[in-house]
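J.: Sequence order for the protein chains is A and B.
Just so we're aligned: the first sequence equals residues 1 to 79 in my numbering.
Just so we're aligned: the second sequence equals residues 1 to 224 in my numbering.
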Amino acid sequence: MNLDTLCVLFREQFSPYLDGALTGHERQAMASHLDGCPACSAEFNDLLELQESLASLGTMKAPADLQARLRGGLSRRGR
Amino acid sequence: MSDLASAIGMASEEAALVAELKAGSERAFALLIAQYSHTVYSVIARSLRDPADAADVTQEVFVKIFRHINGFHCESSLRTWIYRIALHEASNQRRWWSRHKRQELTLDAHQENDEGELFSLGDTLPATGASPYDSCASSQTRQQVEAALRTLPEVFRTVVVLREIEGFGYEEIAEMLNVNLGTVKSRLTRGRAALRQALMTSVPATKSAASPGVSGRLSREGAR
């Protein structure tokens, strides 16, 4: 198996690795590969940083009167 | 309290809330609105082509919840059921938008993603004339990530938003979307890769403004 094929296999596991869904052995193998492969390490770091950026977006701010509008809408149309 | 006891307590509280909703309690609906309206609004706003429609669609969702609560028999959690309705309504709105509003746009100012949803290339750039707050690096990064999200095909965007921003688990997302677990994982993998690619494509145009963090790293990667 050449390195490129190995890298492809590890990259396919980046997403479950980000989600903590790999087994202990799989995590160990991934960490070891990332230590020795700068290209995979850079790509994984991008995805990790992207995950952190997405989490930091947070819930989108709703209009201040949203709850009042919803209660009013239910009174008019819900019953 | 153990996790099991906590879960039983939550299930019991939810069952009581559902019973009150079915009885038509105004207090229960006010509680439901207080508990879910902002997160439902957020998921819908990120799902629609025009976030300005999100409040109206959120209203439709709560009217549907009110009208159909008697048909809810706890086959899923109340939360999953609510988000299933929300995603369905958002999907209806997107279809309506594609049929009607897109014809009002100047086509040469917009491009389509893989699913025929329109987005403006301007969306992928930070807003000009930004306020002092908006000009800070973290704000630019957020704008770039939000803009890149809008360029993703809806099936990927929805899963990325539910997982990465709203924090739902794979199983709950699968239930909400009525797809199997493998599909959720696959869409998440492809969505993350597509989002990374979208940021790598958009960031070089704003490289002088690129912040440290995801866009800075991605722009360097894009230059390799």
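Heads up, the beta-carbon is just placed ideally off N, CA and C, and yes, glycines get one too.
None of the values given here were measured: they were computed from a predicted structure.
1. Within 10 angstroms of the Cβ of S75/A, are there 16 or more other Cβ atoms? Answer buried if so, exposed if not.
2. Reducing DSSP to helix, strand and coil, say where C37/A ends up.
3. Leaving out five residues on either side along the sequence, give the residues of the same chain with a beta carbon under 6 Å from the beta carbon of S37/B.
4. Counting only Cβ-Cβ distances shorter than 9 Å, please list the residues of the region 26–37 of chain A near chain B, keeping chain order.
5. For Q59/B, decide whether its Cβ has a neighbour in chain A, counting only Cβ atoms nearer than 8 Å.
6. Where do the ends of the alpha helix (DSSP H) carrying N92/B lie?
7. Starting from G73/A, find everything on chain B with Cβ-Cβ shorter than 8 Å and list it in chain order.
8. For the region 45–56 of chain A, list every residue whose C-beta sits within 8 Å of some C-beta in chain B, in sequence order.
9. For S15/A, which residues in chain B fall below 8 Å Cβ to Cβ?
10. Determine the chain B residues that contact L9/A at a beta-carbon separation under 9 Å, and present them in chain order.
11. If contacts are defined as beta-carbon pairs under 8 Å, then E146/B and L66/A qualify, I think. What distance do you get, rounded to the angstrom?
12. Where Q93/B and A11/B are concerned, what is the direct C-alpha to C-alpha distance, given to the nearest angstrom?
13. Going by beta carbon distance, what residues of the same chain come within less than 6 Å of R84/B, once the five residues before and after it are set aside?
14. How is S12/B classed by DSSP in three states: helix, strand or coil?
15. For L31/B and L34/A, I'd like the C-alpha separation in whole angstroms.
16. Using beta-carbon positions only, say whether R192/B and V160/B come within less than 8 Å of one another.
17. Under 7 Å Cβ-Cβ, which residues of chain B neighbour T59/A?
18. Of all the CB atoms in chain E, is at least one closer than 8 Å to the CB of L31/B?
19. At 9 Å on the CB atoms, spell out the chain B contacts of L22/A, in chain order.
20. For S169/B, collect the residues of the same chain with a Cβ closer than 7 Å to its Cβ; drop the 5 residues on either side in sequence, then sort them by chain order.
21. My guess is that E89/B and E60/B are in contact by the Cβ rule of under 8 Å, so how many angstroms apart are they, rounded?
22. Could you spell out the range, first to last residue, of the alpha helix (DSSP H) harbouring M200/B?
23. May I ask which residues mark the beginning and end of the alpha helix (DSSP H) holding L74/A?
24. For a test of the three-state rule: what should DSSP assign to L83/A, helix, strand or coil?
25. Ignore the nearest five residues each way along the sequence and tell me which others in A194/B's own chain have a CB closer than 7 Å to its CB.
26. Is there a C-beta anywhere in chain B that falls below 8 Å from the one on L6/A?
27. DSSP three-state call for G20/A: helix, strand or coil?
28. What does T141/B touch in chain A if you count any residue whose Cβ is under 9 Å from its own?
29. In whole angstroms, what separates the C-alpha of Q140/B from that of R95/B?
30. Between F14/A and L47/A, how many whole angstroms is the CB-CB distance? I'm expecting something under 8 Å.
31. How many Å lie between L78/B and V18/B at the Cα?
32. So what does DSSP say about T151/B, is it helix, strand or coil?
T.: Walking through what the data contain:
1. In the first sequence, residue 75/A corresponds to position 75, counting from 1. Flag for S75/A reads exposed.
2. The residue given as residue 37/A occupies position 37 in the first sequence. Coil at C37/A, not helix or strand.
3. As a first step, residue 37/B is located in the second sequence; it is residue number 37 there, counting from the start. No residues qualify anywhere along the chain.
4. Under the 9 Å Cβ criterion, the region 26–37 of chain A contributes no residue.
5. Residue mapping note: residue 59/B aligns to position 59 of the second sequence, counting from 1. Q59/B counts as touching chain A.
6. As a first step, residue 92/B must be located in the second sequence, where it is residue number 92. First-last of the alpha helix (DSSP H) with N92/B: L78 to R99.
7. Walking along the first sequence from the start, residue 73/A turns up at place 73. Simply Q59, F62 and V63.
8. N45, D46, L47, E49, L50, Q51, E52, S53, L54, A55 and S56
9. For the purposes of this step, residue 15/A is taken as the residue at position 15 of the first sequence. For the C-beta of S15/A, the chain B residues within less than 8 Å are, from N- to C-terminus, K185, L188, T189 and R192.
10. By one-based count along the first sequence, residue 9/A stands at place 9. None at all; the shortest Cβ gap to chain B is about 13 Å.
11. Position 146 of the second sequence holds residue 146/B. Position 66 of the first sequence holds residue 66/A. Contact flag wrong, Cβ pair sits at about 20 Å.
12. Residue 93/B sits at position 93 when you count from the first residue of the second sequence. Residue 11/B sits at position 11 when you count from the first residue of the second sequence. Whole-angstrom Cα-Cα distance: 32 Å.
13. Residue numbering aside, residue 84/B sits at position 84 when the second sequence is read from its first letter. Once the five neighbours on either side are set aside, the close Cβ partners of R84/B are M176.
14. The residue given as residue 12/B occupies position 12 in the second sequence. DSSP places S12/B in helix when its eight states are reduced to three.
15. Looking up residue 31/B in the second sequence gives position 31. Looking up residue 34/A in the first sequence gives position 34. C-alpha separation (whole angstroms): 48 Å.
16. One-based indexing of the second sequence puts residue 192/B at position 192. One-based indexing of the second sequence puts residue 160/B at position 160. Yes, the Cβ-Cβ distance between R192/B and V160/B is below 8 Å.
17. To locate residue 59/A, count along the first sequence from 1; it is residue 59. In chain order: H38, T39 and S42.
18. Included in the structure are the protein chains A and B, with no chain E among them.
19. Here residue 22/A corresponds to residue number 22 of the first sequence, with the count starting at 1. Simply none; closest approach about 12 Å.
20. As a working mapping, residue 169/B is identified with position 169 in the second sequence. The amino acid at residue 169/B is misidentified as Ser; the sequence shows Gly. Excluding positions up to five away in sequence, the list is empty.
21. Counting from one through the second sequence, the residue named residue 89/B turns up at place 89. Counting from one through the second sequence, the residue named residue 60/B turns up at place 60. Yes, they are in contact, since the Cβ atoms of E89/B and E60/B sit about 5 Å apart, within 8 Å.
22. Counted from its first residue, the second sequence places residue 200/B at position 200. First-last of the alpha helix (DSSP H) with M200/B: L181 to S202.
23. Mapped onto the first sequence, residue 74/A falls at position 74. No alpha helix (DSSP H) contains L74/A, which DSSP labels as neither H nor E.
24. Since the first and last residues shown for chain A are 1 and 79, residue 83/A lies out of range.
25. Taking the first residue of the second sequence as position 1, residue 194/B is located at position 194. Hits under 7 Å: L152 and F156.
26. By one-based count along the first sequence, residue 6/A stands at place 6. It does not: the Cβ of L6/A has no partner Cβ on chain B nearer than 8 Å.
27. Translated into positions along the first sequence, residue 20/A becomes position 20. In this structure, G20/A counts as coil in the three-state DSSP scheme.
28. The sequence position of residue 141/B within the second sequence is 141, counting from 1. Simply S53 and S56.
29. As a working note, residue 140/B is residue 140 in the second sequence. As a working note, residue 95/B is residue 95 in the second sequence. One C-alpha to the other measures close to 31 Å.
30. As a working note, residue 14/A is residue 14 in the first sequence. As a working note, residue 47/A is residue 47 in the first sequence. F14/A to L47/A, Cβ: 6 Å. Contact.
31. Here residue 78/B corresponds to residue number 78 of the second sequence, with the count starting at 1. Here residue 18/B corresponds to residue number 18 of the second sequence, with the count starting at 1. Computed Cα separation, rounded: 8 Å.
32. To locate residue 151/B, count along the second sequence from 1; it is residue 151. T151/B falls in the coil class under three-state DSSP.
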